[in-house]
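Below is one structure; the comments refer to it alone.
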Amino acid sequence: MSLFKEFKKTSRHLQRQQHHAHDADAPILRAENLSMRYESGSALENASFSLQEGERIAIVGPNGAGKSTLLKIIAGVQMPTEGEIQIYGQKPRGHICIAYLPQRSQVDWSFPVTVADVAMMGRIGKLGLFRNPKSHDWDVVHQALEVVKLGNFAKRQIDQLSGGQQQRMFIARALAQEAELMLMDEPMTGLDVTSQEDIFGILDELRTRDVTVLISLHDLKMASERFDRVMLLNKHLLAIGLAEEALSPEHLLAAYGGTLQLIPTAEGMLPIGDTTCCEGDYEHV
Ligand code: ADP
Ligand code: MG
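Mapped onto the numbering used here, the consecutive letters of the sequence shown carry residue numbers 101 to 385.
Quick look at the structure:
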């Protein structure tokens, strides 16, 4: 999707989201019987779960398991064929608290905007599409860029960023939006270990702000070690819970069948969810 299209879509979505109160007792997100059928077939079947405020959850499952579809449905970018999402007990369009960070490979990075412009897109829901940002909005944007350590990159064109910086820029946009729920589609894919650790550092900062984070991933080891709970998906929601329960051998077999690969490392057997060539960063044989 081009960045501009995504911007327009998000803007429309955020404009619809304004001025609705939260039900404080309800979970931040409740999904009931979500199903998604494309012409090509079913992508998600009857998924039901709840997320609690402030938790960090990993979504894992093989390629085509419906991870991106689920994130888009929660973001309101896509309507489910069946089922319902509630945010704090209400329909999601009643809220401004959700930020959706697309997979980097789906973004047109040649679109001529600066890092600060993209972060300012996060303010559109608060500003309205046609009002100019006020100095407070620029303050929020610059603070968000400082949090993700892109303070010195505000005027940089987005095509000049590294993969890790691109991801941090999207997090800044979500911070500028003052998001309470962040949905991140494969933010770690194609990043080196240092860039991944930078993102985890920011996620730790988000935890102190009680931001709930739902992230799709390929690395089962990372999911089991760095997240509060893990959701295992293969069209059906096979498990959600603590990693040792959700990623039991039975569940993994149900999700991956014979495609799960275990790589022996110094730390023991490292399960690789499934190999992916999404961004051309690596290939498998
Ligand atoms: P994942 O992110 O886990 O790899 P996706 O949600 O992208 O899975 O895709 C789930 C299934 O739905 C796949 O079979 C994919 O080909 C299909 N799919 C995803 N998006 C669309 C779409 N816009 N139109 C048709 N089929 C789609
Ligand atoms: Mg995906």
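Just so it is clear, CB atoms sit at the ideal spot from N, CA and C, and this is done for glycine as well.
Inter-residue spacing [alpha-carbon to alpha-carbon] between residue 159 and residue 228: 32 Å
Close Cβ partners of residue 347 (< 7 Å) along its chain, the five nearest in sequence each way excluded: 320, 324, 330, 332
Proximity below 8 Å, CB of residue 237 to CB of residue 220: yes
Endpoints, beta strand (DSSP E) assigned at residue 285: 281-285
Any heavy atom of the ligand ADP closer than 7 Å to the Cβ of residue 290? no
Verify the contact flag: residue 216, CB atom, against every heavy atom of the ligand ADP, threshold strictly below 7 Å. no
Would residue 166 and residue 131 qualify as a contact pair, given that the criterion is a beta-carbon distance under 8 Å? no
Kindly indicate the opening and closing residues of the beta strand (DSSP E) around residue 312. 312-316
Collapsed DSSP secondary structure at residue 294 in the structure displayed: helix
For residue 111, the three-state DSSP class (helix, strand or coil): Low confidence applies here, because residue 111 scores a pLDDT of 46, under 50, leaving its location unreliable and the question unanswered by this model.
Leaving aside the five residues before and after residue 300 along the sequence, list all residues of the same chain whose C-beta is less than 7 Å from its C-beta, in chain order. 326
Following the continuous alpha helix (DSSP H) through residue 356, name the residue where it begins and the one where it ends. 349-356
Per DSSP, cross-strand counterpart(s) of residue 214: 257
Given residue 334 as reference, the closest of 354, 218, 284, 317 once Cα atoms are compared: 354
So, at 6 Å on beta carbons, what are the nonlocal neighbours of residue 251 in its own chain, with the 5 sequence-adjacent residues on each side left out? 245
Cβ-based neighbour list, residue 108, same chain, cut-off 8 Å, excluding 5 preceding and 5 following: Residue placement at residue 108 is poorly supported in this model, since its pLDDT is 48, which falls under 50; the coordinates are not used for a value here.
Just mark residue 222 as buried or exposed, buried being the case when its beta carbon has 16 or more other beta carbons within 10 Å. buried
Which residue's Cα is closest to the Cα of residue 357: 129, 136, 163? 163
Express the C-alpha separation of residue 349 and residue 201 in angstroms, rounding to a whole number. 31 Å
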